[in-house]
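Inspection log for the structure reproduced underneath, given as structure tokens.
Chains as they are written, first to last, in full-length UniProt numbering: chain A, 1 to 421; chain B, 1 to 421.
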């Protein structure tokens, strides 16, 4: 079995590599026509896809999947419509491929610049939500990449039905069906293969729980665009305008709980703690947010506040819990964030120009903010049009990753006969 | 022993990580003062460094190192001067850190942009030439990164003497000496450790033979900026101006043989082969370049031309040998380059606008050229100021890599109280 999976994955890889060279040369109009044909094919296959999804749902219930998972798995007519709407959005994005920048003359007389090109083949590993199949495929196609999709076993029928429609659309416009391939086995060995074929796959994009992503990162021999923790901070500095600090601290924690850009630790300068903490605590109490505070926080808010342990500073609660620490000033705040944080998104609230400038320079996170809610760290809010994911890496892509994350740049040199002296 | 090496490398890694956070916040003037102090320290240590180098040279001769290696190992007073000159050049480069680009307003009212930041800690693995120690250290410092250097065992004394002077310079301006560390053991296990400490090292830059680089890439769990083969092509298209094609084909092959951007295969359109091949063959004959041709080439140039085997098309000769193939046109040329080439640097010689445009778009190489010699693929010729290396990867850095290759970008968000709706 192991052998035949290896062979199967090798074939999938080879086919993707071949398809990628055709896609890389495809014009914007061909790629958009493909997306449009996929739109039509999906629309025509709606009953078939929803029926396939019902098989997954029935099997999921038989296997006692938990209700949150079943909810993410389900494709309703409304969700199907949203999925098609997302495809239209991708169609309307600018084609990033072929863009030439920084073209300039050198003393030798050559002109040198950079041209944006596809990465080649993307490997996507994800769980439950079948709409990711279409989202990932359409973003890959728009950026001229072939893609190999490995969804969760619980969504196999849904994903294959969606893939079938996608491949039908590709065929209609004369592109190879192998531009988008869905792994047809639920054997875990297939993932092991996918992430160790650098000859066929250029980048891996995992979406799922932290355990999955850590395992993939550890075992992959291919670059991974990965997203781990979001342990975000808001630091209310001594010069903060509390009319800004209060709504931001409330929004960053309570706008949505289960998201990576929600605040998990609130830092407050001791010079404003006596004034600020009771007021924000009242707002949190209305939302039933549990506070876990340092000694100074407990002293100010009263002993009913639970104490924060060392582990709390590291925690990504993803729920209505917040760690609160009173700090002696800027220096302690930055040290705390760089030590305990996950380098995701951190904000300072201050009216002091020099401190804002310092915070921006010294906090080592993928998004650093002044006087804004951490909840803004998002591809759509940043104007990227679409979001492949949020990267917690520094190499290649950092923070919210748009279509550009699936591209690279090559150098182009234009001359009229120059030789090297 | 294995245990103590692991412990030693952990300490080196921790120290580098700590130093990197101080360096990341260092202003341009502090970094330039450090480079200036290092300049003075090296000048004062010249006799000591040259003496250390003589120990390495004596040991090298005792160990029967080959003469090419000994030549690369030797530090003469002239080479020492050149090394210091290179340091001055790095001092004069613009500081890339802190540069903010693309700052623009979003509909929500936040301003969003990107700020250039150091990667953190660079691990450099290299062979023989001790001047790389200073070059790598100065580029890392200029870009705000700490660096761990692992030179060849044959250069240990030279590298340590240079590192001592560098650390003296760092101390003078109050920066931690651990900004630049040289591994003091020649045990190979140290390399194994260095490339598997993602918690302390952000990127690995290897310089050396292909075997070394392949091994590092295979075993590393950290991104590697790597350079493998340079199998470069020049394609003389049917519309080529032979007054440009002849000097370029000559220059690309014979300007220097042992370099990665030298041409290794010449492709000639059958429509100009009869005219072009005899003329270029005469020029190559003067330089005693051995030609290995396809059947058509042999037919045109005579049976004295050796036949090219399938392997020849893959070969990076790094010497006065050239494979020559007559092709039916653009399509065959592009297929050949993308199949047999190493995606390094490839050029077309043509006066046809549309074919030039097509070649630029479809050749999947880190540098694609029109009417210029492949020898231009070089950080200095491209105006990068300094060259970390030439990357054959697509992720993070591609082609000649300058100071930017040791940096990343983070998002910055500026607001005046915005919250997410």
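Beta carbons are placed, not taken as given, at the ideal position from N, Cα and C, and that holds for glycine.
When we look at the beta-carbon of residue i and count the other beta-carbons within 10 Å, is it buried (16 or more) or exposed?
i: residue 126 of chain A; result: buried
i: residue 335 of chain A; result: exposed
i: residue 284 of chain B; result: buried
i: residue 282 of chain B; result: exposed
i: residue 107 of chain A; result: exposed
i: residue 67 of chain B; result: exposed
i: residue 345 of chain A; result: buried
i: residue 376 of chain B; result: buried
i: residue 128 of chain A; result: buried
i: residue 63 of chain B; result: exposed
i: residue 214 of chain A; result: exposed
i: residue 77 of chain A; result: exposed
i: residue 116 of chain B; result: buried
i: residue 209 of chain B; result: exposed
i: residue 258 of chain A; result: exposed
i: residue 32 of chain A; result: buried
Would you kindly report the start and end of the unbroken alpha helix (DSSP H) that includes residue i?
i: residue 411 of chain B; result: Segment 407 to 418 is the beta strand (DSSP E) holding residue 411 of chain B; no alpha helix (DSSP H) there.
i: residue 91 of chain B; result: 77 to 92
i: residue 247 of chain B; result: 242 to 254
i: residue 47 of chain B; result: 46 to 62
i: residue 359 of chain B; result: 353 to 362
i: residue 229 of chain A; result: Note, residue 229 of chain A: premise wrong, no alpha helix (DSSP H); not H, not E.
i: residue 67 of chain B; result: 67 to 73
Nearest to residue i by alpha carbon, out of the options?
i: residue 308 of chain B; options: B:222, B:355, B:323 and B:52; result: B:323
i: residue 310 of chain B; options: B:295, B:299 and B:302; result: B:295
i: residue 207 of chain B; options: B:229, B:197, B:193 and B:200; result: B:229
i: residue 422 of chain B; options: B:327, B:411 and B:264; result: Since the first residue shown for chain B is 1 and the last is 421, residue 422 of chain B is missing from the structure and cannot be characterised.
i: residue 253 of chain B; options: B:33, B:210, B:303 and B:319; result: B:319
i: residue 59 of chain B; options: B:70, B:379 and B:11; result: B:70
i: residue 226 of chain B; options: B:400, B:44, B:176 and B:31; result: B:400
i: residue 16 of chain A; options: A:116, A:380 and A:122; result: A:122
i: residue 34 of chain A; options: A:87, A:50, A:44 and A:46; result: A:87
i: residue 100 of chain A; options: A:114, A:92, A:93 and A:89; result: A:114
i: residue 255 of chain B; options: B:6, B:61, B:374 and B:43; result: B:374
i: residue 23 of chain A; options: A:138, A:234 and A:82; result: A:138
i: residue 302 of chain B; options: B:278, B:288 and B:48; result: B:278
i: residue 46 of chain B; options: B:243, B:368, B:222 and B:159; result: B:159
i: residue 221 of chain A; options: A:56, A:258 and A:199; result: A:199
i: residue 403 of chain A; options: A:112, A:393, A:394 and A:389; result: A:389
Going by the beta-carbon positions, is the gap between residue i and residue j smaller than 8 Å?
i: residue 333 of chain A; j: residue 267 of chain A; result: yes
i: residue 406 of chain A; j: residue 119 of chain A; result: yes
i: residue 142 of chain B; j: residue 95 of chain B; result: yes
i: residue 145 of chain B; j: residue 21 of chain B; result: no
i: residue 181 of chain A; j: residue 149 of chain A; result: yes
i: residue 337 of chain B; j: residue 245 of chain B; result: no
i: residue 414 of chain A; j: residue 110 of chain A; result: yes
i: residue 249 of chain A; j: residue 300 of chain A; result: no
i: residue 321 of chain A; j: residue 290 of chain A; result: yes
i: residue 216 of chain B; j: residue 183 of chain B; result: no
i: residue 53 of chain A; j: residue 75 of chain A; result: yes
i: residue 417 of chain A; j: residue 247 of chain B; result: yes
i: residue 398 of chain B; j: residue 251 of chain A; result: no
Got a sec, what are the start and stop residues for the beta strand (DSSP E) residue i sits in?
i: residue 283 of chain B; result: Residue 283 of chain B -> not in any beta strand (DSSP E); alpha helix (DSSP H) instead, spanning 270 to 286.
i: residue 334 of chain A; result: Where residue 334 of chain A is concerned, there is no enclosing beta strand (DSSP E), although the alpha helix (DSSP H) it sits in stretches over 330 to 340.
i: residue 324 of chain B; result: 321 to 327
i: residue 193 of chain A; result: Not the beta strand (DSSP E): residue 193 of chain A falls in the alpha helix (DSSP H), residues 189 to 194.
i: residue 289 of chain A; result: Unbroken run through residue 289 of chain A: none, as it is neither H nor E.
i: residue 105 of chain A; result: 100 to 105
i: residue 146 of chain A; result: 146 to 150
i: residue 116 of chain A; result: 111 to 118
i: residue 181 of chain B; result: 180 to 182
Whose Cβ in chain C lies nearer than 8 Å to the Cβ of residue i?
i: residue 251 of chain B; result: Among the protein chains in the structure shown, which are A and B, there is no chain C.
Given 8 Å, three or more beta-carbon pairs between the region 160 to 170 of chain A and the region 187 to 194 of chain A:
No, the region 160 to 170 of chain A is not in contact with the region 187 to 194 of chain A.
Spell out a yes or no on whether the region 151 to 159 of chain A and the region 112 to 132 of chain A are touching, meaning 3 or more CB-CB pairs, one atom from each, closer than 8 Å.
Touching, yes, given that three or more Cβ pairs across the two stretches are closer than 8 Å.
Assess contact between the region 167 to 181 of chain A and the region 193 to 204 of chain A, defined as three or more Cβ pairs (one per stretch) separated by less than 8 Å. Is contact present?
Touching, no.
How about the region 360 to 375 of chain A and the region 402 to 417 of chain B: do they share at least three Cβ pairs that are nearer than 8 Å?
Contact between the region 360 to 375 of chain A and the region 402 to 417 of chain B is established, with three or more Cβ pairs separated by less than 8 Å.
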